[in-house]
Amino acid sequence: MPRSARKKSGSGIYHIVLRGINKQRIFQDNEDSLNFLEKLKTYKDISGYEIYAYCLMSNHIHLLMKEGEEPLSTAFRRIGASYVYWYNWKYSRVGHLFQDRFRSEPVETDEYFLTAMRYIHQNPLKAGIVKEIQDYQWSSYREYSQKPLICNTEFALNMFSVEPDKVLSAWIKFNQEQNNDRCLEYDDGARLNDSEAAALIESVANVKNPRDIQAYEKQKRDGIIKLLKDKGLSIRQIERLTGVSFAVIRGI
2 MPRSARKKSG SGIYHIVLRG INKQRIFQDN EDSLNFLEKL KTYKDISGYE
52 IYAYCLMSNH IHLLMKEGEE PLSTAFRRIG ASYVYWYNWK YSRVGHLFQD
102 RFRSEPVETD EYFLTAMRYI HQNPLKAGIV KEIQDYQWSS YREYSQKPLI
152 CNTEFALNMF SVEPDKVLSA WIKFNQEQNN DRCLEYDDGA RLNDSEAAAL
202 IESVANVKNP RDIQAYEKQK RDGIIKLLKD KGLSIRQIER LTGVSFAVIR
252 GI
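In structure tokens:
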């Protein structure tokens, strides 16, 4: 079927999602994440786009950005080609890394801009990877309280109509608010990969290794496993990561 045309943004601002092909990991370690951020920084000057927020997850990326002199499709061809060349060289692989087409949604109002920004920053929190959004290393959240490296932070901060010395605290409060925000996401039922699932288990169970839950007494262990199932982890994935048997997990 022919692809539908992208919705154009009157503001030039978009929420973008890129994903690994076949849901595969695109960041294996910290070096990979650092390299991708360097690509974003390098091509920002070439393509002229502005970035307001980002979050690098293991198999997908969220960006809140404004189109520059070049169309975003051209900018992402540059970024993707450069990163994939390096990634394939590092891991001795060939072929595509990203799904062939990034997803985008236009951001037309200040209200939705802030909603999308908060959604992006809370992605690791809602996935259960961290307990506080400031603990996640690979999002733009810290750029707002430290020296910005990639993001135009003033654009978002200027949307808060408070005294100048209270702007940052107002921004932090907004980003940390509990919410039911729904923004652009891949809605094909993709599960957490094992790395993300292990981080979720460690966070929920307060353990250093998912297999440590075997030492818990039965009622506590079963409560944790039920919560993990409710959060979308499959029986096989829980079994694989915790060592608890399939029959036990299925019966909880």
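For the sequence shown, our numbering gives the first residue as 2, with consecutive numbering after it. Even glycine gets a Cβ: it sits at the ideal position worked out from N, Cα and C.
I'd like to check one pair, residue j with residue i: are the Cβ atoms closer than 7 Å?
i: Leu-234; j: Val-205; result: no
i: Val-85; j: Leu-73; result: no
i: Ser-59; j: Ser-170; result: no
i: His-16; j: Leu-65; result: yes
i: Ile-253; j: Glu-240; result: no
i: Ile-130; j: Ala-198; result: no
i: Asn-153; j: Glu-68; result: no
i: Gly-21; j: Ile-14; result: no
i: Glu-106; j: Leu-185; result: yes
i: Trp-139; j: Ser-12; result: no
i: Ile-134; j: Tyr-142; result: yes
i: Val-168; j: Phe-175; result: no
i: Ser-48; j: Glu-71; result: yes
With a cut-off of 7 Å, does the C-beta of residue i fall near any C-beta of chain C?
i: His-63; result: Of the protein chains in the structure, only one exists, and it is not chain C.
Going by DSSP, what residue range makes up the beta strand (DSSP E) through residue i?
i: Met-66; result: 61–67
i: Pro-125; result: It is not in any beta strand (DSSP E) - Pro-125 instead sits in the alpha helix (DSSP H) that spans 124–127.
i: Arg-183; result: Note, Arg-183: premise wrong, no beta strand (DSSP E); not H, not E.
Starting from residue i, trace the alpha helix (DSSP H) both ways and give me its first and last residue.
i: Val-205; result: 195–206
i: Ser-1; result: There is simply no residue 1 to check, as the chain begins at 2 and stops at 253 in what is shown.
i: Phe-241; result: Per the sequence shown, residue 241 should be read as Arg rather than Phe. First-last of the alpha helix (DSSP H) with Arg-241: 236–243.
i: Phe-99; result: Careful: Phe-99 lies outside any alpha helix (DSSP H) and carries neither H nor E.
i: Asn-153; result: That residue, Asn-153, is in no alpha helix (DSSP H); it is neither H nor E in DSSP.
i: Phe-175; result: 168–177
From the options, pick the residue whose C-alpha is nearest to that of residue i; which is it?
i: Leu-19; options: Tyr-145, Ile-121, Gly-11, Asp-46; result: Ile-121
i: His-63; options: Glu-71, Ala-199, Ala-54, Gly-69; result: Ala-54
i: Glu-178; options: Met-118, Ser-162, Lys-167, Glu-155; result: Met-118
i: Asn-180; options: Ile-202, Lys-221, Leu-115, Lys-209; result: Leu-115
i: Lys-45; options: Arg-79, Glu-32, Asp-30; result: Arg-79
i: Lys-9; options: Arg-104, Glu-155, Ala-248, Val-208; result: Arg-104
i: Lys-42; options: Asn-89, Trp-90, Pro-149; result: Pro-149
Meets three-Cβ-pair contact criterion under 8 Å: the segment 208–221 and the segment 241–249: Enough Cβ pairs lie closer than 8 Å, so yes.
Pairs of beta-carbons, one from the segment 123–137 and one from the segment 38–49, closer than 8 Å: are there three or more? Fewer than three pairs of CB atoms, one per stretch, sit closer than 8 Å, so the segment 123–137 makes no contact with the segment 38–49.
Which complete beta strand (DSSP E) runs does the segment 10–54 hold, if anything under 3 residues is left out? Taking only runs of at least 3 residues, the beta strand (DSSP E) segments lying wholly in the segment 10–54 are 14–20.
Contained beta strand (DSSP E) runs [length at least 3] in the segment 103–149, N- to C-terminal order: Listed in chain order, they are 104–107.
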